[in-house]
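When we follow the numbering used here, the leftmost residue of the sequence shown carries the number 12, and every step to the right adds one. Each residue gets a CB set at the ideal place from its N, CA and C atoms; glycine is no exception.
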Amino acid sequence: MRIAYFHCFAGISGDMILGALVDAGLSFQQLQEDLAGLSLTGFRLEKEKVTRKGIGGTRIRVITEEGHVHRGLEDIKRIIQESSLPGAAKEKSIEIFTRLAQAEAKVHRSRVEEIHFHEVGALDAIVDIVGAVSGLRRLGIEEVYSSPLHIGTGFVHCAHGTIPVPAPATVELLKGVPVYSQGIDSELVTPTGAAILTSYCRHYGPMPPMRLLSCGYGAGTRDLSIPNLLRLQLGERIT
Numbered sequence: 012m013r014i015a016y017f018h019c020f021a022g023i024s025g026d027m028i029l030g031a032l033v034d035a036g037l038s039f040q041q042l043q044e045d046l047a048g049l050s051l052t053g054f055r056l057e058k059e060k061v062t063r064k065g066i067g068g069t070r071i072r073v074i075t076e077e078g079h080v081h082r083g084l085e086d087i088k089r090i091i092q093e094s095s096l097p098g099a100a101k102e103k104s105i106e107i108f109t110r111l112a113q114a115e116a117k118v119h120r121s122r123v124e125e126i127h128f129h130e131v132g133a134l135d136a137i138v139d140i141v142g143a144v145s146g147l148r149r150l151g152i153e154e155v156y157s158s159p160l161h162i163g164t165g166f167v168h169c170a171h172g173t174i175p176v177p178a179p180a181t182v183e184l185l186k187g188v189p190v191y192s193q194g195i196d197s198e199l200v201t202p203t204g205a206a207i208l209t210s211y212c213r214h215y216g217p218m219p220p221m222r223l224l225s226c227g228y229g230a231g232t233r234d235l236s237i238p239n240l241l242r243l244q245l246g247e248r249i250t
């Protein structure tokens with residue numbers, strides 16, 4: 012059984028997941044081809060080899076041309092359903108966006124149908140989520156494990172104004188998940204990253220016994236006091 016272990020010592024976000032997957036062996040060309048199946052225009056992916064505190068990793072940037080588009084859950088479901096993705100990948104992508112919508116609705120005390128995504132529903136988030144689902148499928152991952160999540164602290168600016176870190180929707184998504192903060196003034200875990208990870212992972216703690224096959228590092232944007240990287244280790248489960 013092939014398993015994946017996310018070491019979230021600097022948190023987790025959608026673009027860091029994509030970077031870690033590519034750095035661990037996912038074909039960047041295959042990722043681009045899978046995302047082309049969405050039949051969406053106005054975006055492109057860029058891959059860059061970077062270092063964070065002396066450790067090399069891959070940074071994936073989603074370059075978008077559209078403005079601050081607001082989309083509802085049904086809009087996003089339709090985009091995914093009309094894609095050429097396999098059925099299981101469509102279902103998982105929709106599951107992740109539904110969890111995001113439910114978290115946003117609870118935070119804003121509204122109904123899921125009334126939620127119009129801002130950052131969450133923007134084109135880059137669609138690419139992050141569908142890309143992560145596609146990448147894990149391409150790598151043959153059957154089970155996902157994770158360390159406790161380093162969540163950061165401080166405040167961040169978004170469409171709703173200035174909000175505390177972690178964002179309220181992130182907190183909602185991380186209920187039941189072991190988390191910690193070491194005082195780094197930055198949003199280390201994003202709603203998109205939290206939604207992807209918690210939709211897959213059911214086991215949080217030390218890395219399980221595995222025969223290690225590959226390791227990848229997905230780079231975050233900011234330069235922090237620690238390596239701003241998400242480490243992904245892939246291997247065969249040892250029973």
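Nearest to R148 (by Cα), restricted to the options V33, F20 and M27
Residue mapping note: residue 148 aligns to position 137 of the sequence shown, counting from 1. The residue with the shortest Cα to Cα distance from R148 is V33.
In chain order, what residues of the same chain lie with their CB nearer than 6 Å to the CB of F20, ignoring the 5 residues before and after it?
In the sequence shown, the residue the question calls residue 20 occupies position 9. If we look at F20 and ignore the five residues flanking it on each side, its Cβ neighbours are H161.
Whole-angstrom distance between I152 and P175, CA atom to CA atom:
Within the sequence shown, residue 175 is the residue found at index 164, counting from 1. Within the sequence shown, residue 152 is the residue found at index 141, counting from 1. If you take the alpha carbons of P175 and I152, they lie about 34 Å apart.
Near V61, what residues of its chain come up, given a Cβ to Cβ distance below 7 Å and the 5 sequence neighbours on each side ignored?
Indexing the sequence shown from 1 puts residue 61 at position 50. Correct list, in chain order: G68, R70 and A230.
Exposure label - Q244; buried when at least 16 CB within 10 Å
What you label residue 244 is simply residue 233 of the sequence shown in a count that begins at 1. That one is buried.
Q40 (DSSP reduced to helix, strand or coil):
Here residue 40 corresponds to residue number 29 of the sequence shown, with the count starting at 1. If DSSP states are grouped into helix, strand and coil, Q40 belongs with the helices.
Using only CA atoms, which one of E85, T203, M221 and P177 lies nearest to Q193?
Sequence index remark: in the sequence shown, residue 193 carries index 182 (1-based). Answer by Cα proximity: P177.
Does DSSP put G25 in a helix, a strand or coil?
Position 14 of the sequence shown, counting from 1, holds the residue named residue 25. Here G25 sits in helix by DSSP.
Taking N239 as the reference, give the member of K186, L111, I66 and Q113 with the closest Cα.
In the sequence shown, the residue the question calls residue 239 occupies position 228. Among K186, L111, I66 and Q113, the Cα nearest to that of N239 belongs to I66.
What is the residue span of the beta strand (DSSP E) that H18 lies within?
One-based indexing of the sequence shown puts residue 18 at position 7. Unbroken beta strand (DSSP E) run through H18: R13 to H18.
Taking the DSSP output, what are the residues bridged to L243?
Within the sequence shown, residue 243 is the residue found at index 232, counting from 1. In DSSP, L243 forms a bridge with F17 and G227.
For G25 versus I207, is the C-beta distance shorter than 8 Å?
The residue given as residue 25 occupies position 14 in the sequence shown. The residue given as residue 207 occupies position 196 in the sequence shown. Yes, the Cβ-Cβ distance between G25 and I207 is below 8 Å.
Quick check: what's the CA-CA separation for A112 versus E44?
Taking the sequence shown and counting its residues from 1, the one referred to as residue 112 is at position 101. Taking the sequence shown and counting its residues from 1, the one referred to as residue 44 is at position 33. So the two alpha carbons sit approximately 27 Å from each other.
Measure the alpha-carbon distance for S219 versus Y156 and round it to whole angstroms.
By one-based count along the sequence shown, residue 219 stands at place 208. By one-based count along the sequence shown, residue 156 stands at place 145. Note that residue 219 is Pro in the sequence shown here, rather than Ser. Straight-line Cα distance between these residues: approximately 8 Å.
For A133 and C212, what's the separation of their Cα atoms in angstroms?
To locate residue 133, count along the sequence shown from 1; it is residue 122. To locate residue 212, count along the sequence shown from 1; it is residue 201. Answer to the nearest angstrom: the Cα atoms are 24 Å apart.
Closest residue to V73 among A136, H168, S210 and Q92 (Cα-Cα distance):
Here residue 73 refers to the residue found at position 62 of the sequence shown. Checking every option, the nearest Cα to that of V73 belongs to A136.
P179 in three-state terms, based on DSSP
For the purposes of this step, residue 179 is taken as the residue at position 168 of the sequence shown. Of the three classes helix, strand and coil, the one that applies to P179 here is helix, per DSSP.
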